[in-house]
Structure formats: structure tokens, C-alpha cells
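**Q** Sharing a structure with you now.
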Amino acid sequence: MNIFRLAGDMSHVFSILVLLLRLRVAKNAQGISVRTHELFLIVFLTRYLDLFTTFYSLYNSIMKILYIVSTASIIYTIKFQEPIKSTYDKSQDSFLYWQFAVAPCAVLASVTHLIGSGISGFSFIELLWTFSIYLESIAILPQLIVLQRYREVENLTGNYIFFMGAYRFLYILNWIYRANFEAHYQHHWVVYICGVLQTLLYVDFFYYYFKSKKSGGRFTLPT
Amino acid sequence: KEKELFKDEL
Chain A
901 MNIFRLAGDM SHVFSILVLL LRLRVAKNAQ GISVRTHELF LIVFLTRYLD LFTTFYSLYN
961 SIMKILYIVS TASIIYTIKF QEPIKSTYDK SQDSFLYWQF AVAPCAVLAS VTHLIGSGIS
1021 GFSFIELLWT FSIYLESIAI LPQLIVLQRY REVENLTGNY IFFMGAYRFL YILNWIYRAN
1081 FEAHYQHHWV VYICGVLQTL LYVDFFYYYF KSKKSGGRFT LPT
Chain B
13 KEKELFKDEL
């Protein structure tokens, strides 16, 4: 554990809390994509299967459970809890995530896992872990698309996405730190490429986020 | 072995 990873994890937790708070305070789901959180739930459920097989640390286990429970709670709140449920506009949140996210990532993960470990080293848990790395890298896309459709970004929604992006950026610093200060460290290019791709997806958002903070005005996205 | 390293991350 290093300061960058801890800060990243905290940023992630904070972003989830901001979103849950935002849903309860505003009592609506305008500009929020459930599909993004459904993708994250798939990511966590496929990556954290090692909860049953390996114990790393109490911190690690607690955070994994926290991510799964809080993400499920976000989905439940938007899809099933009134009055929020009736404010959720399905037609705006229409990213075809099975065709454009889950299926391609499953194919890519199968190919890279088979190339990496061969038939003899095949492991279903490893395959799902690789799949989750790919899927996480694009899981924010439905949210960014919804944001683009609404144009005007509500304050807490902007903050929630900002802390999501900050979390990914801090993870890159964490890898740089680990590569320099950890003995027996080995690079993992799939993790790096997906991590960088995921962070790049936030760059455009960051630009307008800081611009609106600086001017103190309303946060709107250009067409 | 290589993968183990990244499994302690979230």
C-alpha cells in the first residue's frame, strides 16, 4: 500500500458516497447513468471472486465488499426507489452495453487469457479477472454519453465523476511508485493500457470541470 | 506470479 493507491481508493469511495448523497438530496436521477453502474457491478462481481479464494488483507476485503454493496445500492435506488425511479429517463441512457462493452471485452479477455496462459494454464477465475480489467476501462462511457445529452452538469454529479476520474489517475501514480520502490515488481501491460485508457476518457470532462470551477459559473458541456 | 502482484489492488 502506498499513499497514491490509498488516496485513489478513498477518492473512489468518496465518489460513490457523493452520488448516493446526490440521489437522496435531489430525489432525482437526472443526468445519471444506471448502465455505468451496472457495468461497474459486473466488473466488481467478476474481479472480486477471489474474496472466496484468497485473503489479502482486511482492508482489501472490506473495500471489495463495500464497492459491491454500494454499487448495488446505487442501481437499486435509481431503478426501484420512488420518487427517484420515475425521474430516471431510460431513453437517454441507452448505451448498448451488452453489444458494445460486455461481449467485446469477453472476447478480448478470452483471447488474451488463452495467449497468456495456454489451454493448460486456463483458469476461469483468471479469465474473469482479465475480463473485469477490460470492462472497467470503458464502464464510464454510458455516464459520459448521458452527460453529453443533458449538457448541463449538476454540481454533485460533476463532483462524483471528478472523483471517479481522480481515482483512476491516482492509480497510474500508484503503478509508477510501485515500479520504482517495490522489489520483484513486474509490469503488467494489460492493466497499464486499460488504466491509461480509462483515465484518458476523463480528460475532456476534467477540462470543462476545471474551467467551470475557475469561472465559478454553471457547468455546461459544449455540443 | 506476475498477476498476483496486481490482485491486491482494487
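Sequence lines, in order, name chains A and B. Going letter by letter, the first sequence gives residues 901 to 1123 in our numbering. Going letter by letter, the second sequence gives residues 13 to 22 in our numbering. We treat Cβ as the ideally placed atom computed from N, Cα and C, and that holds for glycine.
Name, in chain order, the residues that DSSP records as bridge partners for A/T1120.
**A** Looking at the DSSP assignment, A/T1120 forms a beta bridge with A/E1052.
**Q** Between the region 1026-1042 of chain A and the region 1088-1097 of chain A, can you find at least three pairs of beta-carbon atoms closer than 8 angstroms?
**A** In short, these stretches touch, since the Cβ pair count reaches three.
**Q** Output, in chain order, the set of chain B residues within a Cβ distance shorter than 8 angstroms of A/H937.
**A** Here the premise fails: no neighbours, minimum Cβ distance about 16 angstroms.
**Q** Answer yes or no: do A/T971 and A/F1000 have a C-beta to C-beta separation smaller than 9 angstroms?
**A** Result no, Cβ atoms of A/T971 and A/F1000 do not sit closer than 9 angstroms.
**Q** Identify every run of the alpha helix (DSSP H) within the region 956-1040 of chain A, keeping only runs that are complete inside it and at least 4 residues long; order them along the chain.
**A** Runs found: 958-980, 984-987, 1003-1017 and 1024-1038.
**Q** DSSP state of A/I1072, grouped into three classes?
**A** In the structure shown, A/I1072 sits in a helix (DSSP, three-state: H, G or I).
**Q** For A/A1003, count neighbouring Cβ atoms within 10 angstroms of its own Cβ and tell me buried if that reaches 16, exposed if not.
**A** Looking at its Cβ environment, which holds fewer than 16 other Cβ atoms inside 10 Å, A/A1003 is exposed.
**Q** Measuring only the C-alpha atoms, how far is A/R1068 from A/Q1098?
**A** Distance between the alpha carbons of A/R1068 and A/Q1098: 7 angstroms.
**Q** Alpha helix (DSSP H) containing A/T1099: first to last residue?
**A** Run containing A/T1099: W1089 to L1100, per the alpha helix (DSSP H) assignment.
**Q** Is the beta carbon of A/F1022 less than 9 angstroms from the beta carbon of A/C1005?
**A** No, the pair does not count as a contact, with Cβ atoms beyond the cut-off.
**Q** Closest to A/A926 by C-alpha separation, out of A/I978, A/F952 and A/K964, would be which residue?
**A** It is A/I978.
**Q** May I ask which residues mark the beginning and end of the alpha helix (DSSP H) holding A/K927?
**A** Unbroken run through A/K927: none, as it is neither H nor E.
**Q** From A/Y967 to A/I1019, what does the alpha carbon distance come to, in whole angstroms?
**A** Straight-line Cα distance between these residues: approximately 32 angstroms.
**Q** Hey, does A/N1080 have any beta-carbon neighbour from chain B nearer than 9 angstroms?
**A** Judged by the 9 angstroms Cβ criterion, A/N1080 is not in contact with chain B.
**Q** Rounded to whole angstroms, what is the Cα-Cα separation between A/H937 and A/I974?
**A** Approximately 7 angstroms, taken between the alpha carbons.
**Q** Exposed or buried, what is A/A1079 when buried is set at 16 or more other beta-carbons lying within 10 Å of its beta-carbon?
**A** Exposed.
**Q** Go ahead and label A/F1063 buried or exposed: buried means 16 or more other beta carbons lie within 10 angstroms of its beta carbon, across all protein chains shown.
**A** The residue in question, A/F1063, is buried, as its Cβ has 16 or more Cβ neighbours within 10 Å.
**Q** Only counting the same chain, and skipping five residues up and downstream in sequence, which positions put a Cβ closer than 8 angstroms to that of A/Y1085?
**A** Cβ within range, chain order: R1078 and A1079.
**Q** Quick check on A/F1110: buried or exposed, where buried means 16 or more other Cβ atoms within 10 Å of its Cβ?
**A** Answer is exposed; the Cβ neighbour count stays below 16.
**Q** Give me the residue from A/L1121, A/F1024, A/Q930 and A/L1044 with the minimum Cα distance to A/Y988.
**A** Among A/L1121, A/F1024, A/Q930 and A/L1044, the Cα nearest to that of A/Y988 is on A/Q930.
**Q** Is the CB-CB distance between A/P1042 and A/S915 below 9 angstroms?
**A** Going by C-beta atoms, A/P1042 is not nearer than 9 angstroms to A/S915.
**Q** Examine chain B for any beta-carbon lying closer than 9 angstroms to the beta-carbon of A/Q1086, and answer yes or no.
**A** Answer yes: the Cβ-Cβ gap between A/Q1086 and chain B drops below 9 angstroms somewhere.
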